[in-house]
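Asks: Using my numbering, the first residue of the sequence shown is number -2, and each one after it goes up by one.
After the structure tokens below, expect a handful of questions from me.
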Amino acid sequence: MKTFAIILVALGFSAEILADTTKKPAKEPRITWAKDSEEKKADAPNQKIIGTKAQAKSSELAVLLRNSKKIKALLEDRINMPTIWEGDSKILTGKTYKGILLNSVVSSNLASPVLVRALPNQGLPYPTRFSCAGTTQNKRVLTICNKMITPEKEIPITAQILNTDGSSGLLGEYDDGKEELIAGAVLSDFAQGMLSAAQTRLATPMGEVRDSGAKNQVLQGMINSGGTTSEILLDEMKKAEPVVTVPAGTEVIIYFMEAANAL
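Next up, the structure:
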């Protein structure tokens, strides 16, 4: 009887264990290497850092692109913006503008009219012209302007026309007219000497005397005429005025010697 009771108890205990086993599903067997788990743990923060850096770079590039577009738009607006000269603005002393001669200048000691036009895109209304007068000094044309002529009004100014290198007095072809006069005087004196040598002379106890024949009289008249011609040429040379010629289209600089207001 004791043996039978022990068998029944053992069978009941086995049944409970079997019931518990059927209720809880068994886990699948899995092998995990220690090295793989450590690498996964180490790669996780690195991947986060790389992702953060990539996001930062992409945001920086986006900011740069936006700024580049803004700068490009500003430059385009500035280039396309027309330059408008306000009538009330003031031109200070020393201000310069580029221009060209509209007429050829043949200058002497007397004032010659000079007309200069300012080049476009310099802040002046186009076409703006300058009325000037030029006189010859030291083989150059000293040009002073007294009026600035815009499409709407005339403004009194005091400006000077300079060469493109900034030097005062326009350079041109210089001609003082003295070379021709000197050449004429030399030829006249030479002719007088030749005519004097062609005259005949007579030997007398008192020395040589000029023959009073018709030939000598004609030659003497020509000598006297040559002397008169030489004197006239010398007088003309003293009175000759130098002339400087500057062609139209020459580039110049307009230099304001005094401040000017648009009135």
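For each residue, glycine too, the CB sits at the ideal point set by N, CA and C.
Reducing DSSP to helix, strand and coil, say where D162 ends up.
Replies: coil
Asks: Measuring alpha carbon to alpha carbon, tell me which residue in K95, K67, L139 and N100 is nearest G246.
Replies: For G246, the closest C-alpha among the options K95, K67, L139 and N100 is that of N100.
Asks: Excluding five sequence neighbours on each side, which residues of the same chain lie with their C-beta closer than 7 Å to the C-beta of A256?
Replies: K87, I88, L89 and T90
Asks: Contact between the stretch 97 to 117 and the stretch 59 to 78: three or more CB pairs below 8 Å?
Replies: no
Asks: Using the beta-carbon count (16 or more within 10 Å), is K69 buried or exposed?
Replies: exposed
Asks: Roughly how many angstroms lie between the CA atoms of G131 and S65, to the nearest whole one?
Replies: 52 Å
Asks: What did DSSP end up calling E248 once you bin it into helix, strand or coil?
Replies: strand
Asks: Indicate whether K144 and F127 have their beta-carbon atoms separated by less than 9 Å.
Replies: yes
Asks: Indicate the three-state DSSP secondary structure (helix, strand or coil) for N100 in the structure shown.
Replies: coil
Asks: Indicate whether at least one CB of chain C lies closer than 9 Å to the CB of A59.
Replies: Absent here is chain C; the protein component of the structure consists of one chain.
Asks: The beta strand (DSSP E) that contains T132, what's its start and end?
Replies: R126 to Q134
Asks: What residues are listed by DSSP as bridge partners for V240?
Replies: Looking at the DSSP assignment, V240 forms a beta bridge with D172.
Asks: Using the Cα positions of L116 and Q52, report the straight-line distance between them to the nearest angstrom.
Replies: 53 Å
Asks: According to DSSP, is K92 part of a helix, a strand, or is it coil?
Replies: coil
Asks: Is DSSP giving K67 helix, strand or coil here?
Replies: helix
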